[in-house]
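Asker: This is the structure, below, for whatever I ask next.
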Amino acid sequence: VILQGNRCVECNLTYFPPRAICGECSETSLIDCGLGTTLVIANTEVLRGPGVSHEGPVRMELVLLSNGSLAIRRE
Amino acid sequence: VLADAFAALLESSGLAIREIDGLAVSSFTLTPDRAIDLAVKFGLKLSWIMDGGTGGASGVDMTQHAMRAVEAGDAKNIAVLGGDVFRDADFTRLVENYNRNTQELLTPIGVQGPNPLFALLTQTQMKELGLTKEDYGRLVIHQRKMASSNPNALYREALSMDEYLSAPQVATPLGMFDCVPVASGANGVLISETPGETPIAIRKILVAHNFDQHEGDGTVTGLSQISNDLFKEMERDSIDVVALYDDYPAIVIAQLADLGFISRSNASDDLQRVLSSGRPLINSSGGQLSSGQCGAGAGLHGMVEVVDALCNTSAKRGLVTGYGMVAYRYGACANVMLLEAIK
């Protein structure tokens, strides 16, 4: 699964979630880039609210991306 | 509910409405109205106004601004309010559109609300600190015990470990009693240049928002960056009552560790020691896990809790934290305040 982050056109640093300004060089031109998953850190089975309705049990994972960022994905 | 909180504030302070010259408001569901619209509806003439936008951290943030405004002479009596009313699909609408990251990265994959995010955070914390489900249960059971004397709490009955462990699962490992109940309600405090019946001084306010650029796993909060400076103002051991933002037990434990009340190497034993000794007393009115989370009003829950304890018990020194605004995986905001009753 590839998640879409972004990459600074100046210093090539990548971000997930996407940033509006590069934290390294302050560049405002960042372009979309795909980031692969390298490791599942934790997972959860979501069964119900409270306060929200769910379509049914779904599994979510906390995953490590190729650039070192953490992301949430649906299993 | 904001009007009710404001009226209660006037009654308890003894101030007339014309004496309120500052207003700070935090609310998700007040929209499209803002603080000025509320001021018009309340009939207030103001020399200072603020819209708070940091949810669970807004109480401490607004108080920080209000305190400076009073010190600078911009206002004499500032009402700081927070609250929300959730009708029908209001809450679902809020959590599905909380911010752009939620709209673009979480809602489309079926993450509805913060429960799954904090379930993942709790699992990570359990591994890092060697905690069991029973450790979280002890905290929730303690807070439920504290709530027994709070007439405004949603949950007031005692909770056993068996009941806690057998509660319906929400998002593993979180059960029903690990997730703050959604509530409608409001909180309010007065920041004034004139001391009240029990004067309470704000000794210190420190803020650490987005301290880790949202690159951590969420088990450490911004408090970890500011606790050393905080306790230069007031010794940790001298604090009687502590209100820690408690949308989930894992966040209470993270803050206890960040503030040095428990260690990371022996978190389970340290937590049991703090809870059994009552030094300091944690979430003395039951916290949000017992009282419910009234949207942005939750940002003032801890402050009201500690002010109540300082005014009505022998407690003299209190600590209040704020936390929240889930930017993607966990709260991006953290702040803390030290209060002291002048008795």
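Top to bottom, those sequences are chains X and L. The opening position of the first sequence corresponds to residue 3 in the working numbering, with each subsequent residue numbered one higher. The opening position of the second sequence corresponds to residue 3 in the working numbering, with each subsequent residue numbered one higher. Note that CB positions come from ideal geometry on N, CA and C, so glycine has one too.
Identify the contact partners of glycine 25(X) in chain L, using a Cβ-Cβ distance below 9 Å as the criterion.
Answerer: Position 23 of the first sequence holds residue 25(X). Chain L residues near glycine 25(X): Gln215.
Asker: Using beta-carbon positions only, say whether leucine 37(X) and valine 65(X) come within less than 8 Å of one another.
Answerer: The count along the first sequence starts at 1 and reaches residue 37(X) at position 35. The count along the first sequence starts at 1 and reaches residue 65(X) at position 63. Not closer than 8 Å, so no.
Asker: Would you say asparagine 79(L) and isoleucine 22(L) are within 8 Å of each other, going by their C-beta atoms?
Answerer: Position 77 of the second sequence, counted from the start, is the residue given in the question as residue 79(L). Position 20 of the second sequence, counted from the start, is the residue given in the question as residue 22(L). Cβ atoms of asparagine 79(L) and isoleucine 22(L): closer than 8 Å.
Asker: What is the rounded straight-line gap between the Cα of tyrosine 100(L) and the Cα of serine 168(L)?
Answerer: Position 98 of the second sequence, counted from the first residue, corresponds to residue 100(L). Position 166 of the second sequence, counted from the first residue, corresponds to residue 168(L). Cα to Cα, tyrosine 100(L) sits roughly 31 Å from serine 168(L).
Asker: Using 8 Å as the limit for Cβ to Cβ distance, is arginine 50(X) near chain L?
Answerer: Counting from 1 along the first sequence, the entry for residue 50(X) is found at position 48. Yes - at least one Cβ of chain L is within 8 Å of the one on arginine 50(X).
Asker: Put cysteine 313(L) into one of helix, strand or coil per three-state DSSP.
Answerer: Counting from 1 along the second sequence, the entry for residue 313(L) is found at position 311. Of the three classes helix, strand and coil, the one that applies to cysteine 313(L) here is helix, per DSSP.
Asker: Can you have a look at isoleucine 2(L) and say buried or exposed, based on whether 16 or more other CB atoms are within 10 angstroms of its CB?
Answerer: The structure shown does not extend to residue 2(L), since chain L is modelled only from 3 to 345, so the question has no answer here.
Asker: If you compare alpha carbons, which of Thr196(L), Gln295(L), Tyr138(L) is closest to phenylalanine 88(L)?
Answerer: For the purposes of this step, residue 88(L) is taken as the residue at position 86 of the second sequence. Cα-wise, what sits closest to phenylalanine 88(L) is Gln295(L).
Asker: Check whether the Cβ atoms of valine 243(L) and alanine 311(L) lie closer than 8 Å to each other.
Answerer: The residue given as residue 243(L) occupies position 241 in the second sequence. The residue given as residue 311(L) occupies position 309 in the second sequence. Going by C-beta atoms, valine 243(L) is nearer than 8 Å to alanine 311(L).
Asker: Of the residues that make up the segment 277-296 of chain L, which ones have a beta carbon closer than 8 Å to any beta carbon in chain X?
Answerer: Listed by position along the chain: nothing, the set is empty.
Asker: Taking threonine 104(L) as part of the beta strand (DSSP E), name the residues at either end of that continuous run.
Answerer: Position 102 of the second sequence, counting from 1, holds the residue named residue 104(L). Neither: threonine 104(L) is in no beta strand (DSSP E) and is coded neither H nor E.
Asker: How would you label asparagine 268(L), buried or exposed, when you count the other beta carbons within 10 angstroms and need 16 or more for buried?
Answerer: In the second sequence, the residue the question calls residue 268(L) occupies position 266. When all chains shown are included, asparagine 268(L) counts as exposed.
Asker: I want to see whether chain L comes within less than 8 Å of threonine 46(X), judged by CB atoms only; does it?
Answerer: Along the first sequence, read from residue 1 onward, the residue named residue 46(X) stands at position 44. Yes, threonine 46(X) counts as interfacial toward chain L.
Asker: Going by Cα to Cα distance, which pick from Met69(L), Ala300(L), Asn314(L), Thr323(L) is closest to isoleucine 284(L)?
Answerer: Your numbering for residue 284(L) matches position 282 in the second sequence. Cα-wise, what sits closest to isoleucine 284(L) is Thr323(L).
Asker: Does chain X have any CB closer than 8 Å to the CB of isoleucine 111(L)?
Answerer: Taking the second sequence and counting its residues from 1, the one referred to as residue 111(L) is at position 109. Yes, because at least one Cβ of chain X sits closer than 8 Å to the Cβ of isoleucine 111(L).
Asker: Considering only heavy atoms of the ligand GTP, does any lie closer than 7 Å to the CB of leucine 96(L)?
Answerer: Judged by which ligands are present, the structure shown has none, so any question about the ligand GTP falls away.
Asker: Using a C-beta to C-beta distance shorter than 8 Å, which residues of chain X count as neighbours of threonine 126(L)?
Answerer: Looking up residue 126(L) in the second sequence gives position 124. Chain X residues near threonine 126(L): Ile43, Ala44, Leu64.
Asker: Smallest Cα separation from valine 60(X): which of Asn14(X), Pro20(X), Thr46(X), Arg21(X)?
Answerer: Taking the first sequence and counting its residues from 1, the one referred to as residue 60(X) is at position 58. Cα-wise, what sits closest to valine 60(X) is Thr46(X).
Asker: Would you say leucine 167(L) lies against chain X (beta-carbon separation less than 8 Å)?
Answerer: By one-based count along the second sequence, residue 167(L) stands at place 165. So no, leucine 167(L) is outside the interface.
Asker: May I ask you to list the residues that DSSP assigns as paired with leucine 25(L)?
Answerer: Within the second sequence, the letter at position 23 stands for residue 25(L). Partner(s): Ile51(L), Ala81(L).
Asker: Less than 8 Å between the CB atoms is what I'm expecting for glycine 24(L) and alanine 91(L), so what's the real figure, rounded?
Answerer: Along the second sequence, read from residue 1 onward, the residue named residue 24(L) stands at position 22. Along the second sequence, read from residue 1 onward, the residue named residue 91(L) stands at position 89. With a Cβ gap of about 34 Å, glycine 24(L) and alanine 91(L) do not count as contacting.
Asker: Mind checking whether alanine 256(L) and valine 306(L) have CB atoms under 8 Å apart?
Answerer: Translated into the one-based positions of the second sequence, residue 256(L) becomes position 254. Translated into the one-based positions of the second sequence, residue 306(L) becomes position 304. No, they are not a contact pair.
Asker: Distance cutoff 8 Å, beta carbons only. Does arginine 9(X) sit that close to anything in chain L?
Answerer: Position 7 of the first sequence, counted from the first residue, corresponds to residue 9(X). Not an interface residue.
Asker: Can you pull the chain L residues whose beta carbon is under 7 Å from the beta carbon of serine 28(X), in chain order?
Answerer: Counted from its first residue, the first sequence places residue 28(X) at position 26. Residues of chain L passing the Cβ test: none, with the nearest at roughly 14 Å.
Asker: Let me know if isoleucine 207(L) comes out buried or exposed under the rule of 16 or more other beta-carbons within 10 Å of its beta-carbon.
Answerer: Position 205 of the second sequence, counted from the first residue, corresponds to residue 207(L). The residue is buried, with at least 16 neighbouring Cβ atoms inside 10 Å.
Asker: Return the chain-ordered list of same chain residues with a C-beta closer than 8 Å to the C-beta of valine 62(L), the five sequence neighbours on each side being excluded.
Answerer: Counting from 1 along the second sequence, the entry for residue 62(L) is found at position 60. Counting only Cβ-Cβ distances below 8 Å, and skipping sequence neighbours, we find Ile207, Val209, Gly301, Met305, Val322, Thr323, Gly324, Asn337, Val338, Met339.
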